[in-house]
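A.B. asks:
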DNA sequence: ATATCGATTATCT
DNA sequence: GATAATCGATATG
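Numbering (this note's numbering), first residue to last: 75 to 298.
(1) Going by alpha carbons, who is nearest to residue 157 out of 265, 294, 247?
(2) For residue 217, which option in 199, 232, 294 has the closest C-alpha, if you only look at C-alpha atoms?
(3) So, are the CB atoms of residue 141 and residue 91 less than 8 Å apart?
(4) Starting from residue 261, follow the beta strand (DSSP E) in both directions and report where the run begins and ends.
(5) Please say whether residue 183 and residue 101 have beta carbons closer to each other than 8 Å?
(6) Need the endpoints of the beta strand (DSSP E) that residue 186 sits in, please.
(7) What does DSSP give as the partner residue(s) for residue 277 in the beta ladder?
(8) Could you round the C-beta distance between residue 264 and residue 137 to whole angstroms and report it? I think they count as a contact, below 8 Å.
(9) Tell me the DSSP bridge mates of residue 256?
(10) Only counting runs of 3 or more residues, tell me where the beta strand (DSSP E) segments fall wholly within the stretch 223-251, in order along the chain.
(11) Return the CA-CA distance between residue 85 and residue 126, expressed in angstroms with no decimal places.
(12) Which residue marks the beginning of the alpha helix (DSSP H) containing residue 91, and which one marks its end?
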């Protein structure tokens with residue numbers, strides 16, 4: 075698996091398919107510290123570092139959308155790994171996932187929070203926000219939370235659902251800039267679910283201020 | 001055909 | 001802390 079860290083300008087290349095062809099729990103942890111990026115028509119990059127993820131499993135996970143079997147909404151979860159699964163949450167927010175596992179077996183990882191890295195002004199525009207400063211307190215409003223980060227990167231179902239995030243020319247992809255080699259990872263139960271709520275499938279970077287969840291009310295255990 | 005329930009967020013009190 | 005906004009999927013008649 076070629077996940078060799080890359081650095082320097084134009085170093086953002088999509089992670090390979092086999093990165094995602096693993097158990098969602100493994101992928102969710104491996105994605106922490108990576109970069110979720112949107113490439114604009116101009117070539118500019120809107121991006122953030124992944125600081126919080128959740129795994130949704132194909133087996134014995136009643137909280138996963140795939141638990142009811144394949145439907146038009148969730149079919150990407152059953153398809154090949156490395157594709158975007160975008161769904162509408164509570165009728166108003168889009169949430170961004172990447173499919174995992176081998177074809178036929180369902181699985182996905184939900185992106186729950188990013189630390190903004192580039193394209194802040196573009197994020198403000200898409201979020202319909204005008205933040206006063208570049209303080210953490212203001213930046214949090216851009217990408218802390220699954221609905222927020224999707225809006226900040228202009229992710230939506232019609233434009234992005236099913237998109238191959240590993241394609242070299244994809245305008246939505248995940249990359250490794252080598253900027254966070256071994257993040258300190260905390261494990262906790264997932265947020266906002268009732269079924270299978272006890273499973274420890276949420277992962278976030280320890281002490282990172284962009285992690286979502288009511289002033290980090292939801293506690294977890296340091297697991298690395 | 002109608003009712004219920006979310007992998008959420010913004011905006012109140 | 002509580003609630004409204006809003007819609008697709010699912011369950012039931």
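Built from N, CA and C at the ideal position, the CB exists for glycine as well.
C.D. replies: Straight from the coordinates:
(1) Here the question's residue 157 lines up with position 83 in the first chain. Among 265, 294, 247, the Cα nearest to that of residue 157 is on 247.
(2) As a working note, residue 217 is residue 143 in the first chain. Closest by alpha carbon: 199.
(3) In the first chain, the residue the question calls residue 141 occupies position 67. In the first chain, the residue the question calls residue 91 occupies position 17. No, they are not a contact pair.
(4) Numbered from 1 along the first chain, position 187 holds the residue referred to as residue 261. Under the DSSP assignment, residue 261 falls in the beta strand (DSSP E) whose first and last residues are 259-262.
(5) Sequence index remark: in the first chain, residue 101 carries index 27 (1-based). Sequence index remark: in the first chain, residue 183 carries index 109 (1-based). A contact, by the Cβ cut-off of 8 Å.
(6) Taking the first residue of the first chain as 1, we reach residue 186 at position 112. For residue 186, the enclosing beta strand (DSSP E) begins and ends at 181-192.
(7) In the first chain, residue 277 corresponds to position 203, counting from 1. Beta bridge pairing from DSSP links residue 277 with 127, 261.
(8) Your numbering for residue 264 matches position 190 in the first chain. Your numbering for residue 137 matches position 63 in the first chain. Under the criterion of beta carbons closer than 8 Å, residue 264 and residue 137 qualify as touching, at roughly 7 Å.
(9) As a first step, residue 256 must be located in the first chain, where it is residue number 182. None; residue 256 has no bridge partner.
(10) Within the stretch 223-251, complete beta strand (DSSP E) segments of at least 3 residues are found at 246-249, given in chain order.
(11) Looking up residue 85 in the first chain gives position 11. Looking up residue 126 in the first chain gives position 52. Here the alpha carbon of residue 85 sits roughly 23 Å from the alpha carbon of residue 126.
(12) The residue you call residue 91 lines up with position 17 of the first chain. Segment: none, residue 91 is in no alpha helix (DSSP H) and carries neither H nor E.
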